[in-house]
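J.: Would you mind keeping the following structure in view while I ask a few things?
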Amino acid sequence: MGYYISPRFLDKLSVHITKNYLKLPGVRVPLILGVHGRKGEGKTFMCELVFERMGLEVVHISAGELESPDAGDPARLIRLRYREAAELVKVRGHMAVLMINDVDAGIGRVDAQTQYTVNTQLVNATLMNIADNPTNVQLPGSYDPEPIQRIPILLTGNDFATLYAPLIRDGRMEKFFWDPDRSDRLGIIGGIFDEELRPDEVESLVEQFPQQSIDFFSALRSQLYDEQVRDLIQSVGIDRIAKQVVHSDGKPTEFHRPNFSLPHLFELGQRMVREQERIRELRLVEAYHTTLQGNSQRPDTTPPIQEQEQEAEHSPNQPVAPSMAPQNGSSVGVPDGAIAELERLLASNHQVGIEYVDERRFRTGSWQCYGTFKSTLDVAIAGLKACIAEYPRAYVRIVGISPERRRVAETIVQRPEAVHR
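Start counting the sequence shown at 2; every next residue gets the next number (the numbering used here).
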């Protein structure tokens, strides 16, 4: 399997790391590089490929290590790992980096339910202090007057808007939004199916699932071996498979080449997409959050769509709608142009999706699905009206979905700045 490294990604990391080891006259170089973007696009794996290509020594910190029952432990750990990386440079004579994965999961402030601890404050303060004084990093309770090697720090995450603002300012952190373009996606996915698919087949596979992240295709390749593992279990026996696998004679189990035909890949991919849609449609997390917050804090004043239709049909003195709009008055409260867009999509036999996102996550494109509609225009308008009523200070957009499950149109119908005016 040949792995592809994006030229943009390689250029950004190599320049930042090398620049931190050079003494540029009169230039203040940010110590931290933050690589952020949507989930599953291969940020961490691409970093590892760049490190291997450059021959770097890497010291890792997980986001799970940024919290501890004892106050101060994570901050001490960061200083310890930083000094460890500096020691590697001196001992092995190679450049080194300190990498913290999924930093927003460890110290990000997502919403009011996120617990903000003393360790979170200390981790932010420690990273800012190291960024300001990269050659003078002391361990608590000791002092070393000798300056140490400056070590560039790489952070990966999905939403850096949840981080402490002074930490991510330009003087301390350089930001790199990783959004693979078409050539990057073809190169990466072509590397995943290096020996199994031709370039034109890789292109067809990418076009079949245009909205999926990179790890979707890696998981798709893994799904191909499920059939052979299932055959192995049936041949050995469900009651003997544990002993057979663990207490083997040391010879690896031989598997035949799976079926890498495009129709088979499309079938498995559609099955995975349906599982994703079930999670989005259930939206159980909102029910759990509503229970935790209490009904008094967030009353549900929006009636079901069916009730809205009945009220609209029997509501007297409704204004007369334009000829293109429905005549039952359900368009009241819907932005201008939205009804025409809904009518156009439904007339084209497209499914209509309604999505929303708050101002903070709008910059990273982290839209959330409110619902999908493929029946009548009245139901779609009622769904859009319910979404706007429930999220009056969020971006709301209409998405057109073709019968082949491809997005064909995206139209923003509500913006927060328009609501605030």
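Where a beta carbon is used, it is the ideal one built from N, C-alpha and C, also for glycine.
(1) Would DSSP call Val-410 helix, strand or coil?
(2) Hey, Met-55 and Ser-7: beta-carbon distance below 8 Å or not?
(3) Report yes or no: is there a C-beta of chain B within less than 8 Å of the C-beta of Arg-110?
(4) Determine the contact status of Ala-64 and Val-104, defining contact as a CB-CB distance below 8 Å.
(5) Quick check on the DSSP output: what are the complete alpha helix (DSSP H) runs of length 4 or more inside the segment 336-368, in order along the chain?
(6) With DSSP as the reference, identify every bridge partner of Ala-97, one or two as the case may be.
(7) Could you have a look at Tyr-392 and say whether DSSP puts it in helix, strand or coil?
(8) Tell me Glu-175's beta-bridge partners as DSSP assigns them.
(9) Going along the chain, which residues of its own chain have a beta-carbon closer than 7 Å to the beta-carbon of Glu-147, five neighbours each way excluded?
(10) If we count Cβ pairs, one from each stretch, closer than 8 Å, do we get three or more for the segment 135-149 versus the segment 193-210?
(11) To the nearest angstrom, how far is the alpha carbon of Phe-10 from that of Arg-186?
(12) Is it the case that the Cβ atoms of Val-111 and Leu-67 are separated by a distance below 8 Å?
(13) Using beta-carbon positions only, say whether Gln-415 and Val-400 come within less than 8 Å of one another.
(14) Could you tell me whether the segment 238-249 touches the segment 218-225, where touching means 3 or more Cβ pairs closer than 8 Å?
(15) Would you mind reading off the limits of the alpha helix (DSSP H) that contains Thr-19?
(16) Quick one: Cα of Glu-88 to Cα of Ile-131, how far?
(17) Give the straight-line distance between the Cα atoms of Thr-136 and Ser-214, rounded to the nearest whole angstrom.
T.: In terms of the structure at hand:
(1) The question names Val, yet the displayed sequence has Ala at residue 410. Ala-410 falls in the strand class under three-state DSSP.
(2) Cβ atoms of Met-55 and Ser-7: not closer than 8 Å.
(3) The displayed structure is made up of one protein chain only, and chain B is not part of it.
(4) In this structure, Val-104 lies closer than 8 Å to Ala-64 by Cβ.
(5) Counting whole runs of 4 or more residues, the segment 336-368 contains the alpha helix (DSSP H) stretches 339-348, 360-363.
(6) Beta-bridge partners assigned by DSSP to Ala-97: Glu-58.
(7) Three-state result, Tyr-392: coil.
(8) In DSSP, Glu-175 forms a bridge with Leu-34.
(9) So no residue of the chain qualifies.
(10) No, the segment 135-149 is not in contact with the segment 193-210.
(11) Straight-line Cα distance between these residues: approximately 13 Å.
(12) In this structure, Val-111 keeps its C-beta atom at 8 Å or more from the C-beta atom of Leu-67.
(13) Taking 8 Å as the Cβ cut-off, Gln-415 and Val-400 do not qualify as a contacting pair.
(14) Between the segment 238-249 and the segment 218-225 there are fewer than three inter-stretch CB-CB distances shorter than 8 Å, so the stretches are not counted as touching.
(15) Per DSSP, Thr-19 belongs to the alpha helix (DSSP H) from 8-22.
(16) Their Cα atoms are separated by approximately 16 Å.
(17) So the two alpha carbons sit approximately 39 Å from each other.
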